[in-house]
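Counting in the UniProt record's numbering, the sequence shown runs from 1 upward without gaps.
Ideal placement from N, C-alpha and C gives every residue a C-beta, glycine not left out.
Let me begin by presenting the structure, written as structure tokens, before commenting on it.
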Amino acid sequence: MYKILVVDDEPLICKGLAGLLNGSGIDIRAVFTAYSGHEALDYIRMEEIDLLVTDIQMGEMSGIELMQQAKMIKPWVQTIIISAHETFQYAQMALRLGAKDYLIKPLNSENFLDSVRNVLLKMERPIPQIDEFPSADTGHFQMEEFRPEKNELLQRLLNGTDSPEETKLKELRLTGPYFSVIRMKLDLPQGEVGASYSERDIRLLRYGVRNVAEELLHKEEKISTCYSSEQDICILLQWNETEYAELDLNKINHLEMIGRSLHHHVQKFLNIRVVVGISQILKGAEFLPVLDRQADKAIVWGGKHGDYHVFYYGDFNWSNYAQDPTAEELTTQNNQIVDSAKQYIEDNYSQKGLTIHEVAKKNHVSPNYLSYLFKKNTGYNLWEYVIKLRMQESKSLLLHTDLRRYEIAERVGYESPEHFSKIFKKYFGVSPSEMKK
């Protein structure tokens, strides 16, 4: 059963679409409604939302911005955009960010429900399990579509044993000029009962992981893939000048979103884990070996964290160390990051529109690595900590001042009294007025 979030700054439209969905017969567990992007983000942080249906033009935060933020928090959330404007630029941007449909107001009820059904149906499209792959013994197991000679050429360019000549780049359709490398390593347990994998199993799993990556990314990114070792798959991403500019200030968040989405879908469909290493973005094909080493180093560094699986090279300040840091040095740096983030949140939790990305930027790490460290060190999800501080302050103001509900909401960082009341009741189990009494 699915959870759907409908977002529009016109309450009547929200309620109308929610009613339509609830009466549609689609296998829906819950439909949530939000009247602003910031309110919607709280639902996405606190609920397991499967599908986001959002208007494109809303007050402080547009539907495009909401979609970007939602994808950073949970990359697997699917999106349908609705708009009063049949503007090609809006539609192009929405679809490039992964929107599954772009519908024009006024909505046709049947068309809207058909769109929702199609998105939900595709979310559960299965990928073959190991036992369902064709057998190599029968001669039907083939990977010609990956063209082994091109696999080897890309491999040589990445490891630096071949030069990035124009003819070779053209053969691989590597136009760039901006590149990044994502490396995925199969995280297969060895030696446990029923957990050992044969060579054929590993070959099939590699094939499956590569298929997941290409299926997931080929519509949204220009990618090339190759097998770089027995258990590694490399993904080379590229952007031209225009596409790179469109990534704007969220370039690193975008890479990490791709990494987390890859990890999620491989685990979901193939029932195995992968460790994902992500390089920086550099300009020029001559830096491909550098990017490959960065992605590999991110994976090696990731071995120090058994409970986290997506690592960005830039999350650790390598320049501070002449050689790879010790476990003690890594712990010290991580503790400093958490302490700094905690102080920043305590100083700014009442700021409207505060985001995890802003906190991460102040600490020079990616948002999700910061979230992981914060949870590990404090026991709190980072956004739960923001809500905790806001709720403690709002309770104190409610019980010890004569401030009205909208004034308290304003003081603790919420843009609407209604949204504040929803969060308050979810946190304390009673509404502000009930607690006041």
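- Message: If I follow the unbroken alpha helix (DSSP H) through glutamine 238, where does it start and stop?
- Response: In the sequence shown, residue 238 corresponds to position 238, counting from 1. Here glutamine 238 belongs to no alpha helix (DSSP H); instead the beta strand (DSSP E) covers 232-239.
- Task: Check whether the segment 150-166 touches the segment 270-278, taking contact to mean three or more Cβ pairs, one atom from each stretch, closer than 8 Å.
- Result: no
- Message: I'd like to know if the segment 149-160 and the segment 217-236 are in contact, where contact means that at least 3 CB-CB pairs between them fall below 8 Å.
- Response: yes
- Which residues in the same chain have their Cβ closer than 6 Å to the Cβ of alanine 99, if we skip the five residues on either side of it in sequence? Here residue 99 corresponds to residue number 99 of the sequence shown, with the count starting at 1. Same-chain partners within the cutoff: Thr79, Ile81.
- Task: Note down, in chain order, each residue of its chain lying with its Cβ closer than 7 Å to the Cβ of lysine 15, except the 5 sequence neighbours on either side.
- Result: In the sequence shown, residue 15 corresponds to position 15, counting from 1. Closer than 7 Å at the Cβ level, and outside the excluded window around lysine 15, lie Thr33.
- So what does DSSP say about alanine 91, is it helix, strand or coil? Residue 91 sits at position 91 when you count from the first residue of the sequence shown. Helix, per DSSP.
- Contact under 8 Å by Cβ, aspartate 42 with isoleucine 423: Along the sequence shown, read from residue 1 onward, the residue named residue 42 stands at position 42. Along the sequence shown, read from residue 1 onward, the residue named residue 423 stands at position 423. Contact flag set, yes.
- Residue nearest to aspartate 339 in terms of C-alpha spacing, selected from Val359, Gln267, Lys437: Working through the sequence shown from its first residue, we reach residue 339 at position 339. The shortest C-alpha separation from aspartate 339 is found at Val359.
- Task: Ignore the nearest five residues each way along the sequence and tell me which others in serine 371's own chain have a CB closer than 6 Å to its CB.
- Result: Translated into positions along the sequence shown, residue 371 becomes position 371. Same-chain partners within the cutoff: Leu382.
- Between isoleucine 4 and phenylalanine 287, what straight-line distance do the alpha-carbon atoms span, to the nearest angstrom? Translated into positions along the sequence shown, residue 4 becomes position 4. Translated into positions along the sequence shown, residue 287 becomes position 287. C-alpha separation (whole angstroms): 43 Å.
- Query: What are the partner residues of cysteine 226, as DSSP defines its beta bridges?
  - Reply: Within the sequence shown, the letter at position 226 stands for residue 226. In DSSP, cysteine 226 forms a bridge with Cys234.
- Message: Let me make sure I understand the geometry here. Which of Phe316, Thr242, Val209 has the alpha-carbon closest to that of arginine 273?
- Response: Taking the first residue of the sequence shown as position 1, residue 273 is located at position 273. Looking at the Cα atoms, Val209 is the closest of the given residues.
- Query: How is threonine 242 classed by DSSP in three states: helix, strand or coil?
  - Reply: Stepping through the sequence shown from its first residue, residue 242 is reached at position 242. In the three-state DSSP reduction, threonine 242 falls in the helix class (H, G or I).
- Query: Three-state secondary structure (DSSP) at arginine 29?
  - Reply: On the sequence shown, residue 29 is found 29 positions in, with the first residue counted as 1. Here arginine 29 sits in strand by DSSP.
- Host beta strand (DSSP E) of glutamine 78 (start-end): Within the sequence shown, numbered from 1, the residue matching residue 78 stands at position 78. Residues 78-83.
- Can you tell me where the beta strand (DSSP E) with aspartate 187 in it begins and where it stops? For the purposes of this step, residue 187 is taken as the residue at position 187 of the sequence shown. Here the beta strand (DSSP E) through aspartate 187 covers 178-187.
- For valine 365, does the count of other Cβ atoms within 10 angstroms reach 16, so buried, or fall short, so exposed? The sequence position of residue 365 within the sequence shown is 365, counting from 1. The residue in question, valine 365, is buried, as its Cβ has 16 or more Cβ neighbours within 10 Å.
- Residue(s) in a DSSP beta bridge with arginine 273: If you number the sequence shown from 1, residue 273 lands on position 273. Bridge partners of arginine 273: Asp187.
- List in chain order: all unbroken alpha helix (DSSP H) runs of 4+ residues lying wholly within the segment 304-352. 327-348
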